[in-house]
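Please read the structure below before turning to the comments.
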Amino acid sequence: MAGNDWISSYLEAILDVGPPIEDKKSSLLLRERGRFSPTRYFVEEVITGFDETDLHRSWARAQATRSPQERNTRLENMCWRIWNLARQKKQLEGEQAQRMAKRRLERERGRREAVADMSEDLSEGEKGDTVGDLSTHAESIRSRLPRISSVDAMEAWSSQQKGKRLYIVLISLHGLIRGENMELGRDSDTGGQVKYVVELARALGSMPGVYRVDLLTRQLSSSEVDWSYGEPTEMLPPRSSEGLMHEMGESSGAYIVRIPFGPKDAYVPKELLWPHIPEFVDGALNHIVQMSKVLGEQIGNGRPVWPVAIHGHYADAGDSAALLSGALNVPMLFTGHSLGRDKLEQLLRQGRQSRDEINSTYKIMRRIEAEELSLDASEIVITSTRQEIEEQWRLYDGFDPILERKLRARIRRNVSCYGRFMPRMVAIPPGMEFHHIVPHDGDMDTEPEANTDGKSPDPLIWAEVMRFFSNPRKPMILALARPDPKKNLTTLVKAFGECRPLRELANLTLIMGNRDNIDEMSSTNASVLLSILKLIDKYDLYGQVAYPKHHKQHDVPDIYRLAAKTKGVFINPAFIEPFGLTLIEAAAHGLPIVATKNGGPVDIHRVLDNGVLVDPHDQQSIADALLKLVADKHLWAKCRANGLKNIHLFSWPEHCKTYLSRIASCKPRQPRWLRDEEEDENSESDSPSDSLRDIQDISLNLKFSLDGDKNESQENMDGSVELKNKLENAVLTWSKGVAKSAQRSVSIDKGEQISNSSKFPALRRRKHIFVIAVDCDASSGLSESIKTIFGAAEKERTEGSIGFILSTSFNITEVRSFLISEGLNPSNFDAFICNSGGDLYYSSIHSEDNPFVVDLYYHSHIEYRWGGEGLRKTLVRWANSTTDKKGGKDGPAVVEDEETSADYCYSFKIKKHGVVPPVKELRKMMRIQALRCHVIHCQDGNKINVIPVLASRSQALRYLYLRWGMELSKVVVFVGESGDTDYEEMLGGVHKSVVLTGVCSNASSQLHANRSYPLTDVVSYDSPNIVKTSQDFNSSDLRALLEDSQVFKD
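Oh and the sequence shown: position 617 is 763 in this note's numbering, straight run, nothing missing.
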């Protein structure tokens, strides 16, 4: 109990005295502490501090007991409980200190290694950076936040955007989202975030240069919720239509687009949505692709208009945005709103649940991993305050403010970062609508209920508040917060009650939510409210404090107006305030503020300069600040004027201007083949010879794989030249055949011409695609599984209506060896996803010796934040450090597998399974060093593949949909009972998944120990898209299962 050391000695005295506590000894203890009341302290401090929900009930029962002996016995038992809580808290504080120390050591070690790798060209100033650089980092953030200071500046900025036609995608998955009559507060998922994303979408849709904004969320067709949540699309009309005529178009504006995913007939909490995220991603991908084509026809001269950015809100949407960003190859933005690591630390400090219980309730580890992935994938992370950056995001492996500043400095100087990347953290305060707010200029010179000027009567809430006061003309000190210990309302009441001059000059109004009966409130809120009521009684504040039981949302602006009318002050005394939206609302109504100095109010006060910041723990400081503003009318008027003058800096147009300027700073990205097609369409000639040139250009991006061995081609220059000659000859031979067909069909669109004339790839012609993703060794089940699947679809395979893709962790050389050894023809497959998603090949009939063609467009699609040689060196250093501490004579437990490594996949062999740490530790180490990658434990735990962060076997399927139009709903993925550590990714989505029972059933359990959450947290086995075969199934059984699943329709 920090700051209350007396309680330890008090409890020790109780233990020394022994039961029962006699009145005489109890009185002695009280005399030693003056007029202190232990029971009052238990209620006001200990109970709320420990979040022990039933302590208050125990205390109430003890106080109600008439027998002094029984009452003392009960109070003594409470002391024992509190003593146990104190021990528990001390233990939790020790565990937290250990976690923080471990995290700090890991961060410092990772930073040292990263700086050492980059030390060749670091400046002396960079080498000398220390932890003290945080202040400089904060200053740099502030300096990068230009603001519009006048209407003229906004108009000038607007004129610069008129030529743009941006398409922006926002994602917010959980809760109930609609444009009007939002059900805020209905449940924990429908809160401030819902209002924020809707207003952001609406405001962005009204900005110059923005053509369309889509807010993607979940479609609900459940009797539990209103029918409006089942509507596929809802338009968000702008609050004002001024200046928007030049932006109007058939599909322009802001829209809520609802994507169906998850249980079709149930509204479920966000913690249960994780298994269904891939299904949303597939649905959202289809919507964005179709909308891009529609917008292309309207404003893109026939070319698809790709989103300029995808912005995920909260962890679930961040995970989705990362996958969509990778699938579409467009920039990603992320806003956390609240963060999992911070919540986990708070829950652990409370001590009410173990880590496993917390994870079971909140799926917190899956949430944290989604937030880490969002850091990996985001160009920009948008926060409300610097406090969120410096105190919350720095808890994550993927963000280090000091290393971020170093990398940013190197980027500005065009110096290599050796494959290291860090998202840019930007603090942009949330916007507000101010057009409906008219600050009150009147004085409280008459009764507020009076109506002498013929205008509309005063709001009813005014009378509800004023009935509490014996002198309603006095200035009102207004606090608006729920009765939560973190809001620190008891300290405010104490400060008011113990400052006589303040009581004489002002009234206090506490708007503490809505209540019918205190007994029906949560125990924590009831405890705080009872403490406040007792303080009112203690200080005899009747007639000076208002605490109405009910108010409606539309009453809140009227309450602000009433406080301003009385020349009052708004106060937020919370221990920590992440942002402080109520402070902005109060300032907009002309109220000076007194606010906590911890968190977002610091940023708000810096901009508005309309009040005083205080230490929330310092009761006297709170009273002095309030008295100063209430007593000094000139200071009050100055603060009011400052707030009204600068409040536009928190408007939605200002927010959106800063937002769009940050998006403009991102490097534009889109699929490479679209850029090449645009260049082709802009060429002067459209002759058959151009078609041949197109073929030759494509050959640079779809090239024949001669042996799949990266390293042999790099060993010596002669080998490289020979390889190049072979490649050119092979491509030339293939191109001649394609060119002949091209000359016969000049009128066909060039993109179609190449694929149709050469029958390459065949994916477009298939009604269904069967993806074989069975993660078995080549000699133990893979071949048998392939032949069984071929047999189940023999008729359709012969007809050509079904195509096959082999998805594996093998490289192309291993795939080829496997096919030869099992007597399988490469032409049996349309494509090969190799190296766990690091490479994509197609089969070709144009070369008997080398039947594989690699898609280099795919490489350009997945290379985002690929660390290259810098990453490889760090991985090799890690591998060399994994020695057996007991012996260590046999060398490292992990060695680089140079033979199977490729440009976008670094492979490592595992020699000693028991020595190698879980892959999640390797992923953590890479993130700490700002290296972004996807680490996969594969081949029954014998190998580790490291590929680009947004590459995977499931993402490769989305690429094929994007590139060749392969419908994901027509895909069937076959997997074993277990597999590589990317196994879970193959089971989710709109495609069918068939689990082959008995296949890969003996896979190493170590693989699934590599994730920090149970597989059931991310895979919904009761989904209609996942089916299982029977034990000992054959081809006939498999075909019957596919017929039952409507894959084969008679």
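All C-beta atoms in this analysis are idealised placements derived from N, C-alpha and C, irrespective of residue type, glycine included.
The structure presented is a predicted model; accordingly, all values stated were derived computationally and were not measured.
Just the C-alpha distance for D976 and D1178, rounded to the nearest angstrom, thanks.
On the sequence shown, position 830 is the one that residue 976 refers to. On the sequence shown, position 1032 is the one that residue 1178 refers to. So the two alpha carbons sit approximately 28 Å from each other.
Give a yes or no on contact between the stretch 699-712 and the stretch 761-775, applying the rule of three or more CB pairs nearer than 8 Å.
Flag = no, the stretch 699-712 and the stretch 761-775 do not touch.
Please report the distance separating the alpha-carbon of T194 from that of L656.
Here residue 194 refers to the residue found at position 48 of the sequence shown. Here residue 656 refers to the residue found at position 510 of the sequence shown. Confidence at T194 is low in this model, with a pLDDT of 43, below 50, so its placement is unreliable and the value that follows should be read with caution. Answer to the nearest angstrom: the Cα atoms are 19 Å apart.
Relative to the C-alpha of R364, which residue among Q444, Y375, Y542 is closest?
Along the sequence shown, read from residue 1 onward, the residue named residue 364 stands at position 218. Of Q444, Y375, Y542, the residue nearest in Cα terms is Y375.
Would you mind reading off the limits of the alpha helix (DSSP H) that contains T959?
The sequence position of residue 959 within the sequence shown is 813, counting from 1. Segment 958-967, the alpha helix (DSSP H) holding T959.
Expected contact under 8 Å - CB spacing of H88 and T1127 to nearest Å:
Here the chain comprises residues numbered 147 to 1196, so residue 88 is not present and cannot be evaluated.
Could you check the C-alpha separation between C563 and L553 for me, to the nearest Å?
On the sequence shown, position 417 is the one that residue 563 refers to. On the sequence shown, position 407 is the one that residue 553 refers to. Their Cα atoms are separated by approximately 6 Å.
Measuring straight from C-alpha to C-alpha, what distance separates V917 and I951?
As a working mapping, residue 917 is identified with position 771 in the sequence shown. As a working mapping, residue 951 is identified with position 805 in the sequence shown. For V917 and I951, the distance between alpha carbons rounds to 5 Å.
Beta-bridge partners of G757, as assigned by DSSP:
The residue you call residue 757 lines up with position 611 of the sequence shown. G757 pairs with I739.
Pair every Cβ in the stretch 337-349 with every Cβ in the stretch 396-405, then say whether three or more of these pairs are closer than 8 Å.
yes
For P1064, does the three-state DSSP call read helix, strand or coil?
Translated into the one-based positions of the sequence shown, residue 1064 becomes position 918. Of the three classes helix, strand and coil, the one that applies to P1064 here is coil, per DSSP.
Let's test the definition: count the other Cβ atoms within 10 Å of the Cβ of L251 and tell me whether it reaches 16, buried, or not, exposed.
Working through the sequence shown from its first residue, we reach residue 251 at position 105. With fewer than 16 Cβ atoms within 10 Å of its Cβ, L251 is classed as exposed.
Terminal residues of the alpha helix (DSSP H) in which N792 lies:
Against the sequence shown, residue 792 aligns to sequence position 646. 779-792 is the span of the alpha helix (DSSP H), which, as asked, contains N792.
Looking only at its own chain, which residues have a Cβ that is under 6 Å from the Cβ of R1011, when we skip the five neighbours before and after it?
The sequence position of residue 1011 within the sequence shown is 865, counting from 1. F567, R1078, V1095.
Could you give the C-beta distance for L986 and A1102, rounded to a whole number, given that I count them as a contact under 8 Å?
Numbered from its first residue, the sequence shown carries residue 986 at position 840. Numbered from its first residue, the sequence shown carries residue 1102 at position 956. Contact between L986 and A1102 holds: CB atoms are separated by about 6 Å, below the 8 Å threshold.
Here's a check: name, in chain order, each residue in its chain whose Cβ is nearer than 6 Å to the Cβ of E238, leaving out the five neighbours to either side.
As a working mapping, residue 238 is identified with position 92 in the sequence shown. One point to set straight first is that residue 238 is Leu, not Glu, in the sequence displayed. Correct list, in chain order: R495, G497.
Cutoff 6 Å; reference S1166; Cβ partners in own chain excluding five residues on either side:
Taking the sequence shown and counting its residues from 1, the one referred to as residue 1166 is at position 1020. The residues are P421.
What do you get for G271, buried or exposed, if any count of 16 or more other CB atoms within 10 angstroms of its CB means buried?
In the sequence shown, the residue the question calls residue 271 occupies position 125. Reliability fails at G271, whose pLDDT of 44 lies under 50, so the model's placement of it is uncertain and no value is given.
Please classify S334 as buried or exposed, where buried requires at least 16 other C-beta atoms within 10 Å of its C-beta.
Residue 334 sits at position 188 when you count from the first residue of the sequence shown. By the neighbour-count rule (16 or more Cβ atoms within 10 Å), S334 is not buried but exposed.
Cβ separation of N808 and V572, assumed to be a contact under 8 Å, to the nearest whole Å
In the sequence shown, the residue the question calls residue 808 occupies position 662. In the sequence shown, the residue the question calls residue 572 occupies position 426. It should be pointed out that residue 808 corresponds to Arg in this sequence rather than to Asn. The Cβ separation is near 6 Å, so the contact holds.
Identity of the residues DSSP links to N718 by a beta bridge:
Here residue 718 refers to the residue found at position 572 of the sequence shown. DSSP lists A741 as partners of N718.
E1189 versus I456 - alpha carbon distance
Working through the sequence shown from its first residue, we reach residue 1189 at position 1043. Working through the sequence shown from its first residue, we reach residue 456 at position 310. Each residue's Cα considered, the two are about 38 Å apart.
From the DSSP output, in three-state form, read off R324 for me.
The residue you call residue 324 lines up with position 178 of the sequence shown. Residue state, collapsed to three classes: coil.
Inter-residue Cα distance where the pair is K680 and A652:
Position 534 of the sequence shown holds residue 680. Position 506 of the sequence shown holds residue 652. Cα to Cα, K680 sits roughly 20 Å from A652.
How should S520 be labelled, buried or exposed, when 16 other C-beta atoms within 10 angstroms of its C-beta is the threshold for buried?
Counted from its first residue, the sequence shown places residue 520 at position 374. It is buried - the Cβ of S520 has at least 16 other Cβ atoms within 10 Å.
Whole-number beta carbon distance between I445 and V454, since they are thought to touch under 8 Å
As a working note, residue 454 is residue 308 in the sequence shown. As a working note, residue 445 is residue 299 in the sequence shown. The Cβ separation is near 13 Å, so there is no contact.
Is L176 helix, strand or coil by DSSP?
Position 30 of the sequence shown, counting from 1, holds the residue named residue 176. Note on L176: pLDDT 38, under 50, position unreliable in the model; no value is reported.
Where the alpha helix (DSSP H) containing G376 begins and where it ends
Counting from one through the sequence shown, the residue named residue 376 turns up at place 230. Run containing G376: none; DSSP gives neither H nor E here.
Residue span of the beta strand (DSSP E) that contains G458, given as start and end
The residue labelled residue 458 in the question sits at position 312 within the sequence shown. Element bounds for G458: 455-459.
Could you say which of P719, Q215, P631, M381 lies nearest to S669 if we only look at CA atoms?
To locate residue 669, count along the sequence shown from 1; it is residue 523. Of P719, Q215, P631, M381, the residue nearest in Cα terms is P631.
Please list, in chain order, all residues of the same chain as G321 whose beta carbon is under 6 Å from its beta carbon, the five residues on each side excluded.
Within the sequence shown, the letter at position 175 stands for residue 321. Excluding residues within five positions, the ones whose Cβ falls inside 6 Å are D335, T336, V340.
Beta strand (DSSP E) runs contained entirely in the stretch 1053-1135, provided each spans 3 or more residues:
DSSP runs (the beta strand (DSSP E)) wholly in the stretch 1053-1135: 1080-1084, 1089-1093, 1117-1121.
Grab me the residues of L820's own chain with a C-beta within less than 8 Å of its C-beta, minus the 5 sequence neighbours each way, in chain order.
Locating residue 820 in the sequence shown gives position 674, where the first residue counts as 1. Excluding positions up to five away in sequence, the list reads R449, P450, W452.
Measure from the alpha carbon of I314 to the alpha carbon of each residue in L418, L441, Q234, R332, then state which is nearest.
Working through the sequence shown from its first residue, we reach residue 314 at position 168. Considering only alpha carbons, the answer is L441.
E945, buried or exposed, once every other Cβ within 10 Å from all chains shown has been counted against 16:
Numbered from its first residue, the sequence shown carries residue 945 at position 799. So E945 ends up on the exposed side.
Compute the Euclidean distance between the alpha carbons of N634 and V740, then round it to the nearest angstrom.
Along the sequence shown, one-based indexing puts residue 634 at 488. Along the sequence shown, one-based indexing puts residue 740 at 594. Near 13 Å, if we compare the C-alpha coordinates of V740 and N634.
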